[in-house]
Every structure is written in structure tokens, then in C-alpha cells.
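Chemist:
Pasting the structure below:
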């Protein structure tokens, strides 16, 4: 067994049968930092006497009794589509896509009569950056080409992964946006761009849940512009319906409350985490403990 010094997550090598197989899109990416919530949970399983094997391609033999699909791509590649049928039980085994078109209720077209502010987003999660990173680092050739391109054209990543843009009116949206398949236009959830903005985040792992009410001094709700973060109320049924539609066992859903209803604006199946921020947030630490308990119970079942 080897352990990544950066992530602190044990990686099980060879063909030994583990208690849990965790599938990631790239071992190198997964080992390189501590950006994922799951990275703080897996060592706790090993402390409980369980073994974890992290894989970046489907195993064909020596399968664990359980598996967790943690593929940081909007659409899970086809080789992983049968994971739910090959294992006795899985987490996110059937969550094969979080494409925005599957859940957006705010999407509009060029001829829409909406008169309020709008936001231009990528249809892929996180501006499509995980897909770009996955393609860039698949092998030595793609890594070399990425280095050459980055050196010759420093702005190419911004073009491939466009930033979200907010406009006061639909008429201000650049015409080329409508022909770009990477992008979609949504009504801004509120009638104005007044600050601060209250956004909610529903995080969950199986039956462990936390619903947060977060206030931001930024229309795009950047993490660096958060003013407050506290426990919110009940999760709206519209939000739970999106979780069910996307078949998410583990993840996070961001939403606004508009006219008493939950309006989902983002869904994630590879939840991020900031270790330093986590240390300062007691109820998130408690939620981490409940996720660990849920994961241990799932593996032991």
C-alpha cells in the first residue's frame, strides 16, 4: 500500500481485494491535492480498519463488495457505465451526467421576452475545466502539447473554458454566444443584481445531509466573496427532485429561493473542499463526521 504525501489518501496497489473501490478519472489529478471532499473521508475508513483501492480504469477482477464513482467530468465516460451492475452496491454508480440541460429551469433563447438580467454559462460543469485537464494529462504526448500550447498562447485556456458572464439585459448578450454549443443563457434568478445575494447549498452522502444558507457580496457567488455561512432550513422539494433526476447519492446542489421555490443553478457529483475553511466551520466538520459514518455503514452493509 502506498500513500500520497499531498492528499493523505491511501492508494491500494495490485490485485488485492479491497473493501471499497473508488473510481477517479485520473490518479495523478486525485493524488495531487486536497480539493475534493472525499479525500478527507477515505483515510477515516482506513482508520476504521477498511481498505480502499483507488482506480482510474474499470477493474475486471478482484472487485470490492462496494464502489464509489468519483469521476470529475460532466459526463461519465462509457467504460464506467456498467459499474452499478458489476458491483453489489455503488455510490453514484448511476449518476452518469450532470449536464446543465438536464436540470436548468432558467434557460432561455435569443427570442425570449425576458426583460431582466441574464447569465451566460458553460453547459459543462465548472466551465469545462475538468474536461480540459483530463484531456491535457492523459499521457506524455498530451502533457507535452499542453505545455507547448500554454507557452505559445497563454490565453488559450480562457477561450476553451469561458468565464461566466452576467448581463443587465438579454440584448447585451454577444451574438456569437447563441451559436456556441459550449454555452447556454439563463435568466438570472432574481429580478435585479443588487447585493448581497443569498444562495443555498445542499450537500449529501446517502442519508447524511446538510443544507447551508450562504450570503455573498458578488453576483457570481465567488467563494472569496462569501459574507456568511449558516445552517439553512428544509431542502425544497424542487431541489430533492433534481437530486433524484440526476441519481446522485453523493454530491452538492446549489440553488436560490425565488417565490418560495428552490431554483437549482448548479449540481456537482465530485464535491470540492477547502481544508483550511473546514477547520473554521464547526457544522461542516460535524457534517464530515456524519458522512464518514454513512460511508462506513455503506461499506460494511
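Residue numbers (the working numbering): 453 to 753.
For each residue, glycine too, the CB sits at the ideal point set by N, CA and C.
Secondary structure at residue 522, three-state DSSP: helix, strand or coil?
Modeler: Residue state, collapsed to three classes: strand.
Chemist: Reducing DSSP to helix, strand and coil, say where residue 574 ends up.
Modeler: strand
Chemist: Might you give, ordered along the chain, the residues of its own chain that have their beta carbon closer than 7 Å to the beta carbon of residue 497, omitting 5 neighbours on each side?
Modeler: Once the five neighbours on either side are set aside, the close Cβ partners of residue 497 are 472, 504, 747, 748, 751.
Chemist: Residues in its own chain within less than 6 Å of residue 612 by CB, not counting five upstream and five downstream?
Modeler: 584
Chemist: Based on DSSP bridge pairs, tell me the residues matched to residue 656.
Modeler: 661, 703
Chemist: Bridge partners for residue 708 per DSSP, in chain order?
Modeler: Answer is 715.
Chemist: Please state if the CB of residue 573 and the CB of residue 658 are separated by a distance shorter than 8 Å.
Modeler: no
Chemist: Just to confirm the assignment, what range does the alpha helix (DSSP H) spanning residue 535 have?
Modeler: 535 to 538
Chemist: Which class does residue 681 belong to by DSSP, given the choice of helix, strand or coil?
Modeler: In the structure shown, residue 681 falls within a strand segment according to DSSP collapsed to helix, strand and coil.
Chemist: With H, G and I counted as helix, E and B as strand and the rest as coil, what does DSSP make of residue 722?
Modeler: coil
Chemist: Which word fits residue 653, buried or exposed, when buried means at least 16 other C-beta atoms lie within 10 angstroms of its C-beta?
Modeler: buried
Chemist: Going along the chain, which residues of its own chain have a beta-carbon closer than 6 Å to the beta-carbon of residue 630, five neighbours each way excluded?
Modeler: By the criterion of a C-beta distance shorter than 6 Å, residue 630 is surrounded in its chain by 562, once the five residues flanking it on both sides are discounted.
Chemist: What residue does the alpha helix (DSSP H) around residue 734 start on, and which one ends it?
Modeler: 734 to 752
Chemist: Can you give the Cα-Cα distance for residue 733 and residue 547, rounded to whole angstroms?
Modeler: 29 Å
Chemist: In chain order, what residues of the same chain lie with their CB nearer than 7 Å to the CB of residue 737, ignoring the 5 residues before and after it?
Modeler: 730
Chemist: Excluding the five sequence neighbours on either side, which residues of its own chain have a C-beta within less than 6 Å of the C-beta of residue 669, listed in chain order?
Modeler: 647, 648, 677, 679
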